[in-house]
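Participant: After the structure tokens below, expect a handful of questions from me.
2 protein chains.
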Amino acid sequence: MAELHVNIVLASGARIGRGKAVLLEGIRDTGSISAAARALGMDYKRAWLLLDSLDSAFDTPVVERKAGGVGGGGAALSPFGLELLGRYRRIEAAAMALAEADLEVLEQHALPSAGPKI
Amino acid sequence: MAELHVNIVLASGARIGRGKAVLLEGIRDTGSISAAARALGMDYKRAWLLLDSLDSAFDTPVVERKAGGVGGGGAALSPFGLELLGRYRRIEAAAMALAEADLEVLEQHALPSAGPKI
Numbered sequence: 008m009a010e011l012h013v014n015i016v017l018a019s020g021a022r023i024g025r026g027k028a029v030l031l032e033g034i035r036d037t038g039s040i041s042a043a044a045r046a047l048g049m050d051y052k053r054a055w056l057l058l059d060s061l062d063s064a065f066d067t068p069v070v071e072r073k074a075g076g077v078g079g080g081g082a083a084l085s086p087f088g089l090e091l092l093g094r095y096r097r098i099e100a101a102a103m104a105l106a107e108a109d110l111e112v113l114e115q116h117a118l119p120s121a122g123p124k125i
Numbered sequence: 008m009a010e011l012h013v014n015i016v017l018a019s020g021a022r023i024g025r026g027k028a029v030l031l032e033g034i035r036d037t038g039s040i041s042a043a044a045r046a047l048g049m050d051y052k053r054a055w056l057l058l059d060s061l062d063s064a065f066d067t068p069v070v071e072r073k074a075g076g077v078g079g080g081g082a083a084l085s086p087f088g089l090e091l092l093g094r095y096r097r098i099e100a101a102a103m104a105l106a107e108a109d110l111e112v113l114e115q116h117a118l119p120s121a122g123p124k125i
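Read top to bottom, the protein sequences are chains A and B. Numbers in my numbering are just positions in the first sequence, counted from 1, shifted up by 7. Numbers in my numbering are just positions in the second sequence, counted from 1, shifted up by 7.
Written out as structure tokens, the structure is:
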């Protein structure tokens, strides 16, 4: 079925989309940036860049790093990170629900293979 | 103010987003692919690729080319192209309206300059 992907674009130009939401969920669920990246098949460097871009977009940290300890520390979403993720997923679900009938009609006209994805 | 950008992603992987919507509006308003691209500051080749990807996504043409005539012919949206554009813009406006309060809260935490845009 067709889907709706949403991007929040702040006045500064910073974007929050599906890739960042999935990464935040991975960190929430694994307690570690590297474990989240691994679970998503995402380059660690890319995960780090996505988080860096989130951290420079807001006046409040999105992820809290915990140094040291057995296993070399970890990471968790900050309260603001959890709020950001919740708002993103809520907007996405509501937008998808309101678009459902339109998406169904468009899918009826869709060809199975779409050629180049641009 | 923050904005919501939406992409329709069909089961085939084909995407309809803001770039294609703006191009379709340009063709509707100018009656010509090259005039639309020029008005948008878009490469003609890119405009052509976007339209090609739309045409291979659906079983119905999105743009109708008119050959010949004074000025070398032109282009117009097909009835399906107008419908696609209308549905996209309606989904976008409704999603933006439902996200408004969330976007306002997030914008209150936003820094003016967001660093690298990824």
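Where is the CB? At the ideal position from N, CA and C, for every residue including glycine.
Measuring only the C-alpha atoms, how far is methionine 8/A from leucine 61/B?
Facilitator: Along the first sequence, one-based indexing puts residue 8/A at 1. Along the second sequence, one-based indexing puts residue 61/B at 54. Computed Cα separation, rounded: 17 Å.
Participant: Count the C-beta pairs between the stretch 87-98 of chain B and the stretch 57-74 of chain B that are closer than 8 Å, then say yes if the count reaches three, no if not.
Facilitator: A contact exists between the stretch 87-98 of chain B and the stretch 57-74 of chain B.
Participant: Quick one: which chain B residues come within Cβ less than 8 Å of serine 39/A?
Facilitator: Position 32 of the first sequence, counting from 1, holds the residue named residue 39/A. Here the premise fails: no neighbours, minimum Cβ distance about 21 Å.
Participant: Tell me lysine 73/B's beta-bridge partners as DSSP assigns them.
Facilitator: Against the second sequence, residue 73/B aligns to sequence position 66. DSSP output for lysine 73/B lists Gly81/B as bridge partner(s).
Participant: Does any residue of chain B have a CB that is nearer than 8 Å to the CB of glutamate 71/A?
Facilitator: Sequence index remark: in the first sequence, residue 71/A carries index 64 (1-based). Not an interface residue.
Participant: So which residues on chain A does alanine 46/B lean against when the C-beta distance must stay under 7 Å?
Facilitator: Indexing the second sequence from 1 puts residue 46/B at position 39. Neighbours of alanine 46/B on chain A: none; closest Cβ ~20 Å, over 7 Å.
Participant: What residue does the beta strand (DSSP E) around leucine 47/B start on, and which one ends it?
Facilitator: Within the second sequence, the letter at position 40 stands for residue 47/B. Here leucine 47/B belongs to no beta strand (DSSP E); instead the alpha helix (DSSP H) covers 40-47.
Participant: Taking a cut of 7 Å between CB atoms, which residues from the stretch 8-27 of chain B lie near chain A?
Facilitator: If the cut-off is 7 Å between Cβ atoms, the stretch 8-27 of chain B has Met8, Ala9, Glu10, Leu11, His12, Val13, Asn14, Ile15, Val16, Leu17, Ala18, Ser19, Gly20, Ala21 and Arg22 near chain A.
Participant: DSSP three-state label for leucine 11/B, please.
Facilitator: In the second sequence, counting from the first residue as 1, residue 11/B sits at position 4. Strand at leucine 11/B.
Participant: Round the Cβ separation of alanine 82/A and isoleucine 40/A to the nearest angstrom and send it over; I've been treating them as touching at under 8 Å.
Facilitator: Residue numbering aside, residue 82/A sits at position 75 when the first sequence is read from its first letter. Residue numbering aside, residue 40/A sits at position 33 when the first sequence is read from its first letter. 5 Å between Cβ atoms; contact.
Participant: Spell out a yes or no on whether the stretch 18-34 of chain A and the stretch 88-107 of chain A are touching, meaning 3 or more CB-CB pairs, one atom from each, closer than 8 Å.
Facilitator: Yes: at least three Cβ pairs fall under 8 Å.
Participant: Taking beta-carbon pairs under 8 Å, can you tell me which members of the stretch 101-123 of chain A lie near chain B?
Facilitator: Going along the stretch 101-123 of chain A in chain order, one finds Ala101, Ala102, Leu105, Ala106, Asp109, Leu110, Val112, Leu113, Glu114, His116, Ala117, Leu118, Pro119, Ser120, Ala121, Gly122 and Pro123 with a Cβ nearer than 8 Å to chain B.
Participant: By how many angstroms is the C-alpha of threonine 37/A removed from the C-alpha of glycine 26/B?
Facilitator: Your numbering for residue 26/B matches position 19 in the second sequence. Your numbering for residue 37/A matches position 30 in the first sequence. Going from the Cα of glycine 26/B to the Cα of threonine 37/A covers about 36 Å.
Participant: Could you name the residues that DSSP lists as bridge partners for arginine 22/B?
Facilitator: For the purposes of this step, residue 22/B is taken as residue 15 along the second sequence, with counting starting at 1. Arginine 22/B is bridged to Val16/B.
Participant: Just to confirm my understanding: we take lysine 73/B, look at its own chain, exclude 5 residues before and 5 after, and list those with CB closer than 8 Å. What are they?
Facilitator: Sequence index remark: in the second sequence, residue 73/B carries index 66 (1-based). Excluding positions up to five away in sequence, the list reads Gly80, Gly81, Ala82 and Ala83.
Participant: Tyrosine 51/B and alanine 42/B: beta carbons closer than 8 Å?
Facilitator: On the second sequence, position 44 is the one that residue 51/B refers to. On the second sequence, position 35 is the one that residue 42/B refers to. Their beta carbons are not under 8 Å apart, which means tyrosine 51/B does not touch alanine 42/B by this criterion.
Participant: Cβ of leucine 91/A less than 8 Å from any chain B Cβ?
Facilitator: In the first sequence, counting from the first residue as 1, residue 91/A sits at position 84. Yes, contact with chain B.
Participant: Find the residues of chain A that neighbour isoleucine 34/B, judging by a C-beta separation of less than 7 Å, and give them in chain order.
Facilitator: Position 27 of the second sequence holds residue 34/B. None at all; the shortest Cβ gap to chain A is about 17 Å.
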